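Q: Just so we're aligned: 131 in my numbering is position 133 of the sequence shown, and the numbers increase by one with no gaps anywhere. Pasting a structure below so you can have a look.
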Amino acid sequence: MSRETLVAMTRNLVAHGAADTMEYADEIVRVPASAYTDEALFEREKRQIFRRLPLMVAPSCELPNPGDYKAMDICGVPLLLSRQKDGSIGAFLNMCTHRGNPLASGTGNASRFTCGYHGWTFKADGDLIGVASPQDFGAIDKSQHCLTKFPVHEKAGLIWVTLDPHSTLSIADYLCGYDELLEAFGFDGWTLFAQRTLKGPNWKTAYDGYLDFYHLPVLHKDTFGADFYNRANYFAFGPHQRLSTPSQFAIKVSGDDDQQLDLAQLADDELPQDALVQGVWTIFPHISIASFYGGGQRGAMISQLFPGESVGESFTTQFYVMENRPETEADVKSAHEQFDFLEVVVRDEDYATGRRQHQALQSGLMKEVLFGRNEKGGQVFHQWVERLTNASDAELVEIFAAEQRQAAE
-1 MSRETLVAMT RNLVAHGAAD TMEYADEIVR VPASAYTDEA LFEREKRQIF
49 RRLPLMVAPS CELPNPGDYK AMDICGVPLL LSRQKDGSIG AFLNMCTHRG
99 NPLASGTGNA SRFTCGYHGW TFKADGDLIG VASPQDFGAI DKSQHCLTKF
149 PVHEKAGLIW VTLDPHSTLS IADYLCGYDE LLEAFGFDGW TLFAQRTLKG
199 PNWKTAYDGY LDFYHLPVLH KDTFGADFYN RANYFAFGPH QRLSTPSQFA
249 IKVSGDDDQQ LDLAQLADDE LPQDALVQGV WTIFPHISIA SFYGGGQRGA
299 MISQLFPGES VGESFTTQFY VMENRPETEA DVKSAHEQFD FLEVVVRDED
349 YATGRRQHQA LQSGLMKEVL FGRNEKGGQV FHQWVERLTN ASDAELVEIF
399 AAEQRQAAE
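This is the structure in structure tokens:
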């Protein structure tokens, strides 16, 4: 079924490309400029969006082996991921149940975590197994003081966590079947080649750029945009969206040569996998995935965006994942060059523009920003942000249960 859906999307793009058309939104949408600058709204979004909804916290290849762990802070919540002996992933509140001191930082490999404050020790599955000087501390039931667990879901080579231990929202429901489509990338078994973190503007300002092909030949004219079309068709699965250029052609990379394929001339079962996943895949509210070819093989940049401390700040971790680890010196150099080029594009063009834009909007003299009929991705994104920010916990569950029912019809 997933391949059938991918083929249907590809045929849609081929038909529009051949006709030189695209799909349009019904109307131009106006978003209050204060949606980007209001401090109170920003704090509410962090609570209602980032601390309630499932977030893609890591590619699976960042924690490939039993004992691998990763500690991170998301909107004030300390999170600890740990790969279990059976290969599953555990997600815990990174706070010792004695006084709340974080147990781990950064990344590494460990079978247990010992608090650096008083020496309480926890297994990698969160169980409390050691209280320092128990004869002096007093009797406690260790089973009642294990690490707090968060809901976690791993699929398609990606890991999602909900930063609310009491959440009743099904992560599978939230993904609206999108995770099944993401399996087409084949990230299971891929390798993490490199990663880095960049500072950016307001999180919605930054994310707008991932949902927009309109700017490619203008903002990126000196780097790569001159070769790109500024149209995109949008495919929505709940709040998650794929955007791709309407075209009947695709590029197949073979060795040192690029070959143009006419997809209209290929049968469904002849469509190459690269063509089926071309474009940009976004996972609401903060992930973008784009395919690349560098280092002699398939690769992808997974951009993970989080709000910063203030309304005008965000940070993005870029993961460059590859189908296989490059072996030759030339392939390693090529992969680094590809990744470094992407840093320049995002840091010096997208995010630099976003910071200037945000600074101007903070003047308060522009009341609305516009999303044209050709910018459907941004329209849908902002509509979902507003809807989910204002939804109660019970409404949140029903919203995605309804999405599941609609998809099943």
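Don't be surprised by glycine CBs; every beta carbon is placed ideally from N, CA and C. Given the structure is predicted, the values throughout are model-derived calculations rather than measurements.
If we count the other Cβ atoms within 10 Å of its Cβ and call it buried at 16 or more, is R296 buried or exposed?
A: Per the 10 Å Cβ criterion, buried.
Q: Looking only at its own chain, which residues have a Cβ that is under 8 Å from the Cβ of M20, when we skip the five neighbours before and after it?
A: So the qualifying residues of the chain are H14, R229, A230, N231, P244 and N372.
Q: Could you tell me the boundaries of the beta strand (DSSP E) in which R28 lies?
A: Looking at the DSSP string, the run of the beta strand (DSSP E) that includes R28 is V27 to P30.
Q: Please state whether DSSP places Y318 in a helix, a strand or coil.
A: Y318 falls in the strand class under three-state DSSP.
Q: Considering Cα atoms alone, identify which of I72, N107 and C94 is closest to R81.
A: Of the candidates I72, N107 and C94, the one whose C-alpha sits nearest the C-alpha of R81 is N107.
Q: What three-state label does DSSP hand I287 in the structure shown?
A: If DSSP states are grouped into helix, strand and coil, I287 belongs with the strands.
Q: Determine the DSSP secondary structure at V275, reduced to helix, strand or coil.
A: V275: coil per DSSP, three-state reduction.
Q: If the criterion is Cβ atoms closer than 8 Å, does the pair S301 and D186 meet it?
A: Not closer than 8 Å, so no.
Q: By DSSP, does Y172 sit in helix, in strand, or in coil?
A: Of the three classes helix, strand and coil, the one that applies to Y172 here is helix, per DSSP.
Q: Touching or not, the region 336 to 348 and the region 191 to 209, by the rule of three or more beta carbon pairs under 8 Å?
A: Because the criterion of three Cβ pairs below 8 Å is met, the region 336 to 348 and the region 191 to 209 touch.
Q: I need the straight-line Cα distance from G380 to S289, nearest angstrom please.
A: Checking the displayed sequence, the identity of residue 380 turns out to be His instead of Gly. Roughly 25 Å between the two C-alpha positions.
Q: Measure the CB-CB distance between A399 and D171 and report whether it falls below 8 Å.
A: Their beta carbons are under 8 Å apart, which means A399 touches D171 by this criterion.
Q: May I ask which residues mark the beginning and end of the alpha helix (DSSP H) holding K153?
A: Looking at the DSSP string, K153 is not in any alpha helix (DSSP H); the run it does join, the beta strand (DSSP E), is V150 to K153.
Q: Closer than 6 Å by C-beta to K374: which residues in its own chain qualify, once you throw out the five before and the five after it? Chain order, please.
A: Once the five neighbours on either side are set aside, the close Cβ partners of K374 are A23 and Y232.
Q: Between the C-alpha atoms of T35 and L196, what's the straight-line distance to the nearest angstrom?
A: Roughly 21 Å between the two C-alpha positions.
Q: When we look at the beta-carbon of N92 and count the other beta-carbons within 10 Å, is it buried (16 or more) or exposed?
A: Its Cβ being crowded by 16 or more others within 10 Å, N92 is buried.
Q: Taking its Cβ as the centre, do 16 or more other Cβ atoms sit within 10 Å of V27, making it buried, or is it exposed?
A: By the 10 Å Cβ count, V27 comes out buried.
Q: Rounded to whole angstroms, what's the CA-CA distance from N322 to Q377? Just pull it up for me.
A: Taking the straight line from one Cα to the other gives about 37 Å.
Q: How would you write the range of the alpha helix (DSSP H) that W158 sits in, first residue to last?
A: Careful: W158 lies outside any alpha helix (DSSP H), inside the beta strand (DSSP E) at L156 to T160.
Q: What span of residues does the alpha helix (DSSP H) with S462 cover, start to end?
A: The structure shown has nothing for residue 462, since the chain only spans -1 to 407.
Q: Consult DSSP for Y115 and reduce its assignment to one of helix, strand or coil.
A: Residue state, collapsed to three classes: coil.
Q: Ignoring anything shorter than 4 residues or poking outside the region 214 to 269, list the alpha helix (DSSP H) runs there in chain order.
A: Fully enclosed alpha helix (DSSP H) runs of 4 or longer: 214 to 217.
Q: Give the DSSP-derived three-state secondary structure of V12 in the structure shown.
A: Looking at V12 - three-state DSSP - the assignment turns out to be helix.
Q: Can you list, in chain order, the residues of its chain with a C-beta nearer than 8 Å to that of T221? Leave out the 5 residues immediately preceding and following it.
A: If we look at T221 and ignore the five residues flanking it on each side, its Cβ neighbours are F339, V342, V343 and E347.
Q: Taking the beta strand (DSSP E) that T166 belongs to, which residues open and close that run?
A: Unbroken run through T166: none, as it is neither H nor E.
Q: What are the start and end residues of the beta strand (DSSP E) that includes A298?
A: Taken as a continuous stretch (DSSP letters only), the beta strand (DSSP E) holding A298 covers Q295 to P305.
Q: So for K140, helix, strand or coil by DSSP?
A: Three-state result, K140: helix.
Q: Could you pull out every residue in the same chain whose Cβ sits closer than 6 Å to the Cβ of T314, ignoring the five residues on either side in sequence?
A: Closer than 6 Å at the Cβ level, and outside the excluded window around T314, lie L196, G198, S301 and L303.
Q: Since A262 and Q246 should fall inside the 8 Å C-beta cutoff, what is the C-beta to C-beta distance between them, to a whole number of angstroms?
A: 5 Å between Cβ atoms; contact.
Q: Whose C-beta lies closer than 6 Å to the C-beta of S332 among residues of the same chain, with five residues either side of it excluded?
A: Excluding residues within five positions, the ones whose Cβ falls inside 6 Å are G292 and G293.
Q: Measuring alpha carbon to alpha carbon, tell me which of R110, F148 and T95 ends up nearest Q160.
A: Here residue 160 turns out to be Thr, not Gln, going by the sequence shown. That would be F148, whose Cα lies nearest to the Cα of T160.
Q: So, is S165 buried or exposed, given that buried needs 16 or more other C-beta atoms within 10 angstroms?
A: It counts as buried.
Q: Which residue marks the beginning of the beta strand (DSSP E) containing V55, and which one marks its end?
A: Looking at the DSSP string, the run of the beta strand (DSSP E) that includes V55 is P52 to P57.
Q: Would DSSP call M70 helix, strand or coil?
A: Strand, per DSSP.
Q: Helix, strand or coil for P132 per DSSP?
A: P132: helix per DSSP, three-state reduction.
Q: What are the start and end residues of the beta strand (DSSP E) that includes Q193?
A: From DSSP, the beta strand (DSSP E) with Q193 extends over T189 to G198.
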